[in-house]
Amino acid sequence: MYDLTEEKDIKKFVRESDCKAKFTDIANELHDNGTRFAADVLLTDKYITGRDVQLAAFRHLNDLTLQGTDNFPYVYSQDYVNAIEYFVGILPNPLDLSQKIKPYGFESFLFDSAIGWRDLETNGSRFHVVHFSTARKQAKTFCAACLLNFGYFVMGLQGSAQDFLVASVDSEHVNKLFDYISLQARQIISLPQFAEICKQQDVEVQATQIISHNSRNIVRKGTASGRNSFDSKHDLFAIFDEIGGLEPKYDKKVSDIMMGQGDNPNRLLVKISTAYPNPNCSFKHEEDGLRKAIETDSHDADDTFFLNFAQDSENEVFHPELWEKSNPLLHDEKTHDKRLNGLIELKNNLERQGKLSDFANKSMNMWSRQFQDSYLALRDINKNIVDSFDIHGRDVFIGIDASMTNDNTAFGMIFPYEKGKFHIEQYSFIPFAQAKSIEAKEKQDNLNYRELAREGFCEITSNPSGTINYDQIWDWLERYISSNELNLKAIVVDPAFLTWFAKRVENYEPDWPYIPFKQTSLQLNQPTKGLQKAYIDGIVTQIKDPLLIDGLNNAVMVSDRGGLIKIDRQNRVSQHIDTADAVINAWSQAQNYFEDFNDGQNVKLLDTMNQEQRNDYFKNLFGV
């Protein structure tokens with residue numbers, strides 16, 4: 006057992022531990038290209054790789070040391086490795102048909118791992134899912150085509166009536182991938198190694214499918230957004246391209262593919278994508294789960310191969326010498342300068358246009374909004390996530406962000422604990438009046454509110470009209486405070502909520518301390534910056550709540566003429582930030598919990614302003 010959760014530099018850890026000797030022995034024993042790549046990643050400086058690739062290499066080499074031991078039911082078969090390497094090695098280069106393909110080290114690592122690792126019990130594949138991500142133009146399509154055609158022309162020859170699927174989010178992407186696969190297939194059926202059997206099986210490469218008329222093996226296309234059904238097929242191999250751009254409402258299509266594959270021991274679903282701006286998607290959630298499983302050696306992902314080429318931080322966007330982490334083809338000395346100069350030019354052009362975030366997503370393979378004036382980077386949110394927290398009997402500050410018809414009404418709860426640390430939670434009420442139905446609201450926001458309600462993160466409004474039900478909100482708040490025996494320090498109230506809330510407090514809970522809090526940049530500036538710093542500094546915790554994570558990640562910073570900031574959202578229809586607003590409201594009071602006296606921070610704020618900013622500050626205060 007091992008735990009790499011706290012190890013930022015996996016390569017350094019290997020070199021300073023007993024893993025170095027074990028992995029060196031493995032590298033000296035096995036000489037396949039995939040194992041050689043993994044060994045070079047961790048034991049040499051041949052490649053510039055990110056942490057996720059180093060994790061994949063560590064997993065591979067460590068698993069090789071476990072072969073033949075109890076409770077490790079897998080073997081790395083050189084026969085199967087040789088089969089995939091031979092197949093790829095005889096393929097003509099599509100850019101120069103006179104030349105054979107020589108896969109790069111990372112490509113061999115992908116091929117050899119996906120095909121070479123076998124399950125001792127079933128004698129089938131160990132990995133039934135491949136999760137593969139790189140920056141754009143890094144041979145993802147080529148790798149997918151090789152695996153699909155290997156499945157069809159090598160594995161498929163051993164059976165009949167077998168389905169193979171080429172899928173993507175829409176017709177544009179699926180046609181591009183299928184065109185590459187079919188081009189490769191046309192070359193394969195003319196190769197001496199396959200010409201005779203392809204003629205016997207009457208293999209035909211058509212415009213929309215590849216079919217063996219005698220065995221009835223077929224490669225077909227499908228899209229998540231199309232009317233085609235995936236659950237009626239039993240795909241031996243399936244490739245899903247750009248799955249990171251799949252809207253949550255189509256997630257069932259992927260589930261249908263996997264259900265259709267059944268328990269075939271050689272089934273394989275290859276998920277490939279580049280990062281997208283919105284991390285609220287299954288592919289990104291899966292990425293985070295796979296990373297954690299490998300870090301902790303939990304074996305929760307023994308059936309999934311995870312290979313992610315990405316930068317380790319947003320700062321690396323400005324360091325071209327590190328871009329090989331997300332662009333592994335930069336390792337090729339022959340094309341390095343041309344590729345690098347092209348990336349630098351692209352970065353500079355997009356930066357001038359204010360679109361550096363596009364470069365971070367597509368060319369650095371980062372799920373990041375930092376360059377869109379993002380409030381919090383996803384990594385700064387995720388690093389503060391804990392599995393659980395006991396709120397019972399604690400002091401609490403509560404912030405309220407109110408709505409009526411479209412936006413959610415959110416409560417943000419902050420619990421001070423230990424010395425200088427705060428735990429944050431939220432609870433939301435979901436209206437659907439403007440969207441007309443909760444189903445439409447879910448599609449609009451790309452959030453499964455009904456499932457989130459079952460998990461205890463929110464409630465759907467009980468008003469048949471779809472508007473917010475104040476009675477429902479009040480009843481929850483009273484129960485929440487009383488049942489958890491909370492010591493309420495303050496409720497910070499959005500003025501939009503104030504009239505009815507003040508009356509409820511006066512009539513039913515007169516001891517509750519509530520504070521009206523205007524939603525202006527003047528009022529919000531300091532707590533907005535303070536909460537941001539708290540997340541970055543790691544003095545807060547939260548559970549893995551999709552509504553809170555999404556709200557914080559959707560938020561972008563906006564400033565007024567005086568330079569004072571608050572948060573907003575880019576898409577006013579589909580992106581919600583109400584949970585972030587509610588937490589910031591609560592933070593305005595909670596932040597001083599551990600302070601014994603006023604340290605003059607608010608006064609110091611004026612010292613940081615220029616004369617024009619101070620004039621605007623006093624105008625806002627006194628209306629002069």
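According to my numbering, the sequence shown is numbered sequentially starting from 6.
Backbone N, C-alpha and C define an ideal beta-carbon position, used for all residues, glycine too.
Check: Using the C-alpha atoms, what's the distance from Thr504 back to Ser433?; Outcome: 20 Å
Check: Does the distance from the C-beta atom of Phe132 to that of Lys145 stay below 8 Å?; Outcome: no
Check: If I'm right that Ile89 touches Leu96 with Cβ under 8 Å, what's the distance once you round it to whole angstroms?; Outcome: Ile89 to Leu96, Cβ: 11 Å. No contact.
Check: Under 7 Å: does the beta carbon of Phe323 sit that close to some heavy atom of the ligand COA?; Outcome: What this structure holds is no ligand at all, so the ligand COA is not there to describe.
Check: By DSSP, does Val510 sit in helix, in strand, or in coil?; Outcome: helix
Check: Gly267 and Lys238 - do their beta-carbons sit closer together than 8 Å?; Outcome: no
Check: Taking the C-alpha atoms as reference points, what is the distance between Asp23 and Asp308?; Outcome: 27 Å
Check: Only counting the same chain, and skipping five residues up and downstream in sequence, which positions put a Cβ closer than 7 Å to that of Phe602?; Outcome: In this prediction, Phe602 has a pLDDT of 37, which is less than 50 and means its spatial position is unreliable; nothing more can be read from the coordinates.
Check: Report yes or no: do three or more beta-carbon pairs, one from the stretch 33 to 49 and one from the stretch 59 to 79, lie closer than 8 Å?; Outcome: yes
Check: Which value, in whole angstroms, describes the spacing of the CA atoms of Asp406 and Ala243?; Outcome: 45 Å
Check: Which residues share a DSSP beta bridge with Leu351?; Outcome: For Leu351, which the question treats as bridged, DSSP gives no partner whatsoever.
Check: Going by CA-CA distance only, name the one from Ile544, Phe155, Ser103 that's closest to Val275.; Outcome: Phe155
Check: In whole angstroms, what is the alpha-carbon distance linking Leu115 and Thr139?; Outcome: 12 Å
Check: Would DSSP call Ser362 helix, strand or coil?; Outcome: helix
Check: Please name the residue, chosen from Ala166, Leu48, Val179, Lys388, that lies closest to Ala26 on a Cα-to-Cα basis.; Outcome: Leu48
Check: Specify the secondary structure class of Cys148 as computed by DSSP and reduced to three states.; Outcome: helix
Check: If we call anything under 8 Å between Cβ atoms a contact, is Gln1 one with Ala415?; Outcome: Not covered by the structure: residue 1. The range shown for the chain is 6 to 629.
Check: In the DSSP assignment, find the beta strand (DSSP E) that holds Val401 and state where it starts and stops.; Outcome: 400 to 406
Check: Using a 10 Å radius around the Cβ and a threshold of 16 neighbouring Cβ atoms, would you call Ser103 buried or exposed?; Outcome: exposed
Check: Does the separation of the CB atoms of Lys204 and Ala229 fall below 8 Å?; Outcome: no
Check: Which residues in the same chain as Gln501 place their Cβ atom closer than 7 Å to its Cβ, once the five residues preceding and following it in sequence are excluded?; Outcome: At residue 501 the sequence reads Ala, which differs from the Gln that was named. For Ala501, where only same-chain residues beyond five positions count, the Cβ hits under 7 Å are Ala407.
Check: Quick one: residues in its chain with C-beta nearer than 7 Å to the C-beta of Phe394, no 5 flanking neighbours on either side, listed in chain order?; Outcome: His428, Thr546, Ile548
Check: Is the beta carbon of Arg141 closer than 8 Å to that of Ser368?; Outcome: yes
Check: Once the 5 residues before and after Asp402 are set aside, which same chain residues still bring their CB inside 6 Å of it?; Outcome: Residue 402 is actually Phe in this sequence, not Asp. So the qualifying residues of the chain are Ile419, Lys494, Ala495, Ala591, Gln594, Ala595.
Check: Using the beta-carbon count (16 or more within 10 Å), is Glu456 buried or exposed?; Outcome: exposed
Check: Is the beta carbon of Ile572 less than 8 Å from the beta carbon of Ala585?; Outcome: yes
Check: Per DSSP, which residues does Gly4 bridge with? Please list them.; Outcome: One cannot answer for residue 4 here, as it falls past the ends of the chain, which runs 6 to 629.
Check: Does the stretch 314 to 330 come close enough to the stretch 343 to 352 that 3 or more CB-CB pairs lie under 8 Å?; Outcome: yes
Check: Below 8 Å on the Cβ atoms is my contact criterion, and I expect Glu490 with Gly398 to pass it. Report the Cβ-Cβ distance as a whole number of Å.; Outcome: 5 Å
Check: How is Ser22 classed by DSSP in three states: helix, strand or coil?; Outcome: coil
Check: Give the straight-line distance between the Cα atoms of Asp542 and Trp328, rounded to the nearest whole angstrom.; Outcome: 27 Å
Check: Contact defined as beta carbons within less than 8 Å: I believe Tyr380 pairs with Leu251. What is the distance between those atoms, to the nearest angstrom?; Outcome: Incorrect: roughly 25 Å between the Cβ atoms, too far for contact.
Check: Mark Val171 as exposed unless 16 or more other C-beta atoms lie within 10 angstroms of its C-beta, in which case mark it buried.; Outcome: buried
Check: DSSP has Thr309 in a bridge; who is on the other side?; Outcome: Val134
Check: List the endpoints of the continuous beta strand (DSSP E) containing Tyr52.; Outcome: Note, Tyr52: premise wrong, no beta strand (DSSP E); not H, not E.
Check: For Pro469, which three-state DSSP category applies?; Outcome: coil
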